[in-house]
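Chemist: Attaching a single structure in C-alpha cells format; questions to follow.
In the working numbering, the protein residues as written are 67 to 544.
Following this line, the structure appears as C-alpha cells:
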C-alpha cells in the first residue's frame, strides 16, 4: 500500500531558485526554522540592550553575546552544506545561497527604482556593495542623520517585498567609507547621528593574524588619520616615517614577529614553511625548548642571501636578540607592509600610491646591526669607537684624546640613556607582573606569542649593552 500526495504549487510548497522544493510552514513547520527563530530573537534582544547600554564593560559583554548568537545561527546553515558533517542537507544550503542572491538583486532593483530624483529625493540612490545578507546604499544625502532616516525608511519599504519572517533591517551608517574591494572596507560606524561608535574594518590586515603586529599598528593609525582626522597627507607622511624607521632598524623586534601554528610534522607539509623549518632547527639546538605540535611558532625574517626563500631566513626572536642577527627589513617592506598600505591609499592616491610609499628619500638610508655569529665573524677582531666622535680606538677607553675634555658630558649622556632603559624595563616588568596576577612575585612567563615578552627581553639586552658601555669609563674622575 502506498499514498500519493497531491500538493498545490501556490499554497502547499515553494520551489527555490536552485530548483529544490520545500513544503510551506502551513503544512509542516521545520525544525531548523524553530531553532533559528529562537537564536535570532535572542540576538535581537541582545542588540537592543547593546544600543541602550552605556557602561563600556557591559557593552563588550552584550556585543560578544550578539556575535555568539549570530555565529550560532550561521552555523546552522554551515552544517547543512558540510558533506562530511553530521547533518548534511545540500538542498537547504543551496537554496539559502540562491535565495540570498535573488533577494540582494531584488533589494538593489527596488531601492534604485524607488529612491530617485524623479520621486523627490536629493539624488538617485546607488547600491555600491552587496554581500550575503546585506547591501550598502549611497543615498546622496549630506548628513548622518539624513542617511539614518532614509535608511530606516528604505528597510521598511524593501521588507514589504519579502515574506515573513524575512525582514531587511537598517543597521548602521558608514561616514566616511573606504571601499577597497569585495570584503575589504573600512569606515566610521554610526548607530547614532551625534558621534561614531567605532572605526570598523573588514577584511583588512588590522584584524588578521598572518602578519606581524607592525602591519596592524601602521594600518590602524593610517586609517585613523584618513577617516577621523581626514588628512590623507598626514597618513602618507606617517606611513613614510614608519618605513624609514623600519629600514633604519629603529622598529622594536616585538613589532616584527610573525606567528604560525605548527599543526603537523615537517614532512607532512606539501611545501616548505618558514615556521616548520625553524621549529626543526630549534629542535636540533635544544630539544627541550623547541616548539611542539599545536604550538604557535614565533619567528622573524633575518638578512640572508639575495632571493633566498623566506623559510631559510626564519629565525627565533630570542636567538636574534642574543646574537644581534640583522633583520631583513626589505622583506618586511616588500612582503608585509607594501601591499596592505597600497590597498588603502590607492582609492585616494591612484596608481602612484605604491611608488610614493616604497620609493623616495625615506627609503634611501638603511641601517643594519652587526651579527655576532655566522659569516666572517669568527675571523674578525672587534674594535671600540669613541663615544663622542665614533673614531676607532686602539684600546677599550671611552673617548679619544680629542673628546677627552668633554668626557664628563658624554658620561652623563650615557647615564641618562641607562636610566631611561632601566625605567622602561621596570614598566614592562610591572606589566608582566600584573598579567601574572601579582606585583610581588618573580615573573616566570615565557609566552612566546606575547609582544611584551619580546619588548622586555630586548630592553634587558639593551640595558646589559649600555652598562658595558658605561664601564668603559672606568673610575675616571673629572
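For each residue, glycine too, the CB sits at the ideal point set by N, CA and C.
Fair warning: this is a prediction, and the values are worked out from it, not measured in the lab.
For residue 244, which residues does DSSP report across the bridge?
Modeler: Counting from 1 along the chain shown, the entry for residue 244 is found at position 178. In DSSP, residue 244 forms a bridge with 252.
Chemist: Do residue 487 and residue 515 have their beta-carbon atoms positioned less than 7 Å apart in this structure?
Modeler: The count along the chain shown starts at 1 and reaches residue 515 at position 449. The count along the chain shown starts at 1 and reaches residue 487 at position 421. Result no, Cβ atoms of residue 515 and residue 487 do not sit closer than 7 Å.
Chemist: Give the list of continuous beta strand (DSSP E) stretches no shorter than 3 residues that lie fully inside the stretch 331-403.
Modeler: Listed in chain order, they are 362-367.
Chemist: Out of 294, 448, 350, 326, state which residue places its alpha-carbon closest to the alpha-carbon of residue 261.
Modeler: Here the question's residue 261 lines up with position 195 in the chain shown. When only C-alpha atoms are compared, the closest one is 294.
Chemist: Ignore the nearest five residues each way along the sequence and tell me which others in residue 99's own chain have a CB closer than 6 Å to its CB.
Modeler: Your numbering for residue 99 matches position 33 in the chain shown. Here the set comprises nothing.
Chemist: Would residue 392 pass as a contact of residue 366 if the rule is Cβ separation under 7 Å?
Modeler: The count along the chain shown starts at 1 and reaches residue 392 at position 326. The count along the chain shown starts at 1 and reaches residue 366 at position 300. Not a contact, by the Cβ cut-off of 7 Å.
Chemist: Beta-carbon within less than 7 Å of residue 106's beta-carbon, same chain only, minus the 5 sequence neighbours each way: which residues are those?
Modeler: Here residue 106 refers to the residue found at position 40 of the chain shown. Around residue 106: 139.
Chemist: Considering only C-alpha positions, which residue in the set 128, 278, 90, 219 is nearest to residue 231?
Modeler: Position 165 of the chain shown, counting from 1, holds the residue named residue 231. It is 90.
Chemist: Would the stretch 238-255 count as touching the stretch 292-306 if we require 3 or more Cβ pairs under 8 Å?
Modeler: With a cut-off of 8 Å, the stretch 292-306 and the stretch 238-255 count as touching, because enough Cβ pairs lie within range.
Chemist: Helix, strand or coil: how does DSSP classify residue 145 here?
Modeler: Mapped onto the chain shown, residue 145 falls at position 79. Residue state, collapsed to three classes: helix.
Chemist: Decide if residue 348 is buried, meaning its Cβ has at least 16 other Cβ atoms within 10 Å, or exposed.
Modeler: Taking the first residue of the chain shown as 1, we reach residue 348 at position 282. Residue 348 should be labelled buried.
Chemist: By the three-class DSSP mapping on this structure, what secondary structure does residue 326 have?
Modeler: Indexing the chain shown from 1 puts residue 326 at position 260. Looking at residue 326 - three-state DSSP - the assignment turns out to be strand.
Chemist: Residue 416 to residue 332, Cα distance in whole Å?
Modeler: Translated into the one-based positions of the chain shown, residue 416 becomes position 350. Translated into the one-based positions of the chain shown, residue 332 becomes position 266. Distance between the alpha carbons of residue 416 and residue 332: 42 Å.
Chemist: Where does the unbroken alpha helix (DSSP H) through residue 150 begin, and where does it stop?
Modeler: The residue you call residue 150 lines up with position 84 of the chain shown. No alpha helix (DSSP H) contains residue 150, which DSSP labels as neither H nor E.
Chemist: Check the DSSP bridge columns for residue 196 and list the partner residues they point to.
Modeler: For the purposes of this step, residue 196 is identified with residue 130 of the chain shown, where counting begins at 1. According to DSSP, residue 196 bridges with 201.
Chemist: Relative to the C-alpha of residue 450, which residue among 511, 539, 308 is closest?
Modeler: Position 384 of the chain shown, counted from the start, is the residue given in the question as residue 450. Considering only alpha carbons, the answer is 539.
Chemist: Check whether the Cβ atoms of residue 522 and residue 494 lie closer than 7 Å to each other.
Modeler: Stepping through the chain shown from its first residue, residue 522 is reached at position 456. Stepping through the chain shown from its first residue, residue 494 is reached at position 428. Contact flag set, yes.
Chemist: Got a sec? Which residues, its chain only, sit under 8 Å from residue 400 by beta carbon, not counting five neighbours each side?
Modeler: The count along the chain shown starts at 1 and reaches residue 400 at position 334. Counting only Cβ-Cβ distances below 8 Å, and skipping sequence neighbours, we find 424.
Chemist: Below 8 Å on the Cβ atoms is my guess for residue 205 versus residue 218; work out the distance and round it to an integer in Å.
Modeler: As a first step, residue 205 is located in the chain shown; it is residue number 139 there, counting from the start. As a first step, residue 218 is located in the chain shown; it is residue number 152 there, counting from the start. At roughly 12 Å, the Cβ-Cβ gap does not stay under 8 Å, so residue 205 and residue 218 are not in contact.
Chemist: What does a CB cutoff of less than 6 Å around residue 434 pick up in its chain, not counting 5 residues either side in sequence?
Modeler: Residue mapping note: residue 434 aligns to position 368 of the chain shown, counting from 1. So the qualifying residues of the chain are 392.
Chemist: Any contact between the stretch 110-117 and the stretch 127-138? By contact I mean 3 or more CB pairs, one from each, below 8 Å.
Modeler: With the cut-off at 8 Å, the stretch 110-117 and the stretch 127-138 touch.
Chemist: Within its chain, find whatever has a CB closer than 6 Å to the CB of residue 362; leave out the 5 residues flanking it on each side and keep chain order.
Modeler: Residue 362 sits at position 296 when you count from the first residue of the chain shown. 325, 327, 515.
Chemist: In chain order, what residues of the same chain lie with their CB nearer than 7 Å to the CB of residue 282, ignoring the 5 residues before and after it?
Modeler: Working through the chain shown from its first residue, we reach residue 282 at position 216. These residues qualify, in order along the chain: 271, 272.
Chemist: Since residue 115 is in the alpha helix (DSSP H), which residue starts that stretch and which ends it?
Modeler: On the chain shown, position 49 is the one that residue 115 refers to. 97-118 is the span of the alpha helix (DSSP H), which, as asked, contains residue 115.
Chemist: Cα separation between residue 387 and residue 247?
Modeler: The residue you call residue 387 lines up with position 321 of the chain shown. The residue you call residue 247 lines up with position 181 of the chain shown. For residue 387 and residue 247, the distance between alpha carbons rounds to 39 Å.
Chemist: So, at 8 Å on beta carbons, what are the nonlocal neighbours of residue 216 in its own chain, with the 5 sequence-adjacent residues on each side left out?
Modeler: Your numbering for residue 216 matches position 150 in the chain shown. So the list reads 181, 187, 205, 207, once near-sequence residues are dropped.
Chemist: Please identify the residue among 513, 263, 406 whose C-alpha is closest to the C-alpha of residue 125.
Modeler: In the chain shown, residue 125 corresponds to position 59, counting from 1. The residue with the shortest Cα to Cα distance from residue 125 is 263.
Chemist: By Cβ distance, which residues of its chain are closer than 8 Å to residue 196, with the 5 residues on each side in sequence left out?
Modeler: Start at 1 with the first residue of the chain shown, and residue 196 comes out as number 130. Cβ neighbours of residue 196 beyond the five flanking positions: 170, 173, 174, 202.
Chemist: Under DSSP, the beta strand (DSSP E) around residue 80 begins and ends at which residues?
Modeler: Indexing the chain shown from 1 puts residue 80 at position 14. First-last of the beta strand (DSSP E) with residue 80: 79-81.
Chemist: Tell me which same chain residues have a C-beta within less than 6 Å of the C-beta of residue 221, skipping the five on either side of it?
Modeler: Counting from 1 along the chain shown, the entry for residue 221 is found at position 155. Cβ within range, chain order: 234, 235, 236.
Chemist: List the DSSP bridge partners of residue 267.
Modeler: Residue numbering aside, residue 267 sits at position 201 when the chain shown is read from its first letter. In DSSP, residue 267 forms a bridge with 252.
Chemist: Is it buried or exposed, residue 319, if we count other Cβ atoms within 10 angstroms and call 16 or more buried?
Modeler: To locate residue 319, count along the chain shown from 1; it is residue 253. Buried, by the Cβ-count rule.
Chemist: Ignore the nearest five residues each way along the sequence and tell me which others in residue 151's own chain have a CB closer than 7 Å to its CB.
Modeler: Your numbering for residue 151 matches position 85 in the chain shown. Excluding positions up to five away in sequence, the list reads 145.
Chemist: How far does the alpha helix (DSSP H) with residue 527 in it extend, from its first residue to its last?
Modeler: As a position in the chain shown, residue 527 is number 461, starting the count at 1. Note, residue 527: alpha helix (DSSP H), 517-537.
Chemist: Mind checking residue 316: buried by the 16 CB within 10 Å criterion, or exposed?
Modeler: Along the chain shown, one-based indexing puts residue 316 at 250. Exposed, because fewer than 16 other Cβ atoms sit within 10 Å of the Cβ of residue 316.
Chemist: In chain order, what residues of the same chain have a beta carbon less than 7 Å from the beta carbon of residue 509, not counting five sequence neighbours either side?
Modeler: Within the chain shown, numbered from 1, the residue matching residue 509 stands at position 443. Taken in chain order, the residues that qualify are 495, 498, 499, 502.
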